[in-house]
C-alpha cells in the first residue's frame, strides 16, 4: 500500500513540475525500480522537436537495499560526460540515486550531485550518508530517491531520500542540490 501511494504521489508531482509531454518508462536493475522520463525517444520518433534544453531524466527510484560484493568500476562512471570537474565543476560529483553500497548501479543511477552532500562533508551531507549507511547495514531495507526539478535538465534542484525504518516509521529527508 505504501509503495502504491508513494508512486502515485511521485508521478502526480512530476507531472506538475514538468510542463511538457512526458514519456514515462520503468526499468528494474539490481532490485531497484528506476522510473524515468525518456524524452529522447520522443525526439527520436519525431513526436516532439529536438531541444538542447530538455533532457531525459529520472522521476524516482525505489527498492530494497542489498549487499554488494562487487567493486565499483569507476572507468564506466568516468565515461558519463567525461572528467567530472571539467564538465560539472569542482562543487559537483557524479552521485548515485542509490549508493553502490546498497546495490545501486551506474548509467541511469548517476546524476550531477552536490559534492558536499554526496561525500558527507556538510551537516546535511553527513545525514545523507547516515541514511545510506543504515540501508547498507540493514539489507532488505525499503528506500527511495526522488529528484525534484525546477527546469528541463536532468540535474535536480533537490531530492528526497527516504528509508522505511520499521513498519510505522518512514524517514524522509530533502537535500538541496
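In the numbering used here, the protein residues as written are 420 to 596. By construction, the Cβ of each residue, glycine as well, lies at the ideal position given by its N, Cα and C atoms. These numbers come from a predicted model, not from an experiment.
ask   = Any idea what DSSP makes of residue 466, helix, strand or coil?
value = Here residue 466 refers to the residue found at position 47 of the chain shown. DSSP places residue 466 in coil when its eight states are reduced to three.
What would DSSP say about residue 581, mapped onto helix, strand or coil? Translated into positions along the chain shown, residue 581 becomes position 162. Of the three classes helix, strand and coil, the one that applies to residue 581 here is strand, per DSSP.
Query raised in the report: Which residue from 420, 470, 425 puts its Cα closest to that of residue 598?
Result: Because the chain is modelled from 420 through 596, residue 598 falls outside the range shown and cannot be assessed.
Go ahead and label residue 486 buried or exposed: buried means 16 or more other beta carbons lie within 10 angstroms of its beta carbon, across all protein chains shown. Residue 486 sits at position 67 when you count from the first residue of the chain shown. By the C-beta density criterion, residue 486 is exposed, having fewer than 16 other C-beta atoms within 10 angstroms.
Next on the checklist: Does residue 531 pass the burial test, meaning 16 or more other C-beta atoms within 10 Å, or should it be called exposed?
Outcome noted: Sequence index remark: in the chain shown, residue 531 carries index 112 (1-based). Residue 531 is buried by the Cβ-count criterion.
Inspect the beta-carbon positions of residue 451 and residue 528 and report whether they are closer than 9 Å. To locate residue 451, count along the chain shown from 1; it is residue 32. To locate residue 528, count along the chain shown from 1; it is residue 109. Cβ distance < 9 Å, so residue 451 and residue 528 count as in contact.
Give me, in chain order, the residues of the same chain whose beta-carbon lies closer than 6 Å to that of residue 496; leave out the 5 immediate sequence neighbours on both sides. Taking the first residue of the chain shown as 1, we reach residue 496 at position 77. Annotation note: pLDDT 48 at residue 496 (below 50); position unreliable, no value reported.
**Prompt:** Which partner residues does residue 442 have in the DSSP bridge list?
**Reply:** As a working mapping, residue 442 is identified with position 23 in the chain shown. None, per the DSSP bridge assignment.
Could you compute how far the alpha carbon of residue 473 sits from the alpha carbon of residue 442? As a working note, residue 473 is residue 54 in the chain shown. As a working note, residue 442 is residue 23 in the chain shown. For the pair residue 473 and residue 442, the Cα-to-Cα distance works out to about 13 Å.
Quick one: Cα of residue 519 to Cα of residue 476, how far? Taking the first residue of the chain shown as position 1, residue 519 is located at position 100. Taking the first residue of the chain shown as position 1, residue 476 is located at position 57. If you take the alpha carbons of residue 519 and residue 476, they lie about 19 Å apart.
- Message: Relative to the C-alpha of residue 574, which candidate in 562, 478, 543 has its C-alpha closest?
- Response: Counting from 1 along the chain shown, the entry for residue 574 is found at position 155. Here the closest residue by C-alpha is 478.
Q) Is DSSP giving residue 523 helix, strand or coil here? A) Reading the chain shown from its first residue, position 104 is the one you call residue 523. Note: residue 523 maps to coil in three-state DSSP.
*Apart from the five residues on each side of it in sequence, which residues of its chain come closer than 7 Å, Cβ to Cβ, to residue 543?*
Reading the chain shown from its first residue, position 124 is the one you call residue 543. 536, 594, listed in sequence order.
Close Cβ partners of residue 444 (< 7 Å) along its chain, the five nearest in sequence each way excluded | One-based indexing of the chain shown puts residue 444 at position 25. So the qualifying residues of the chain are 455, 457.
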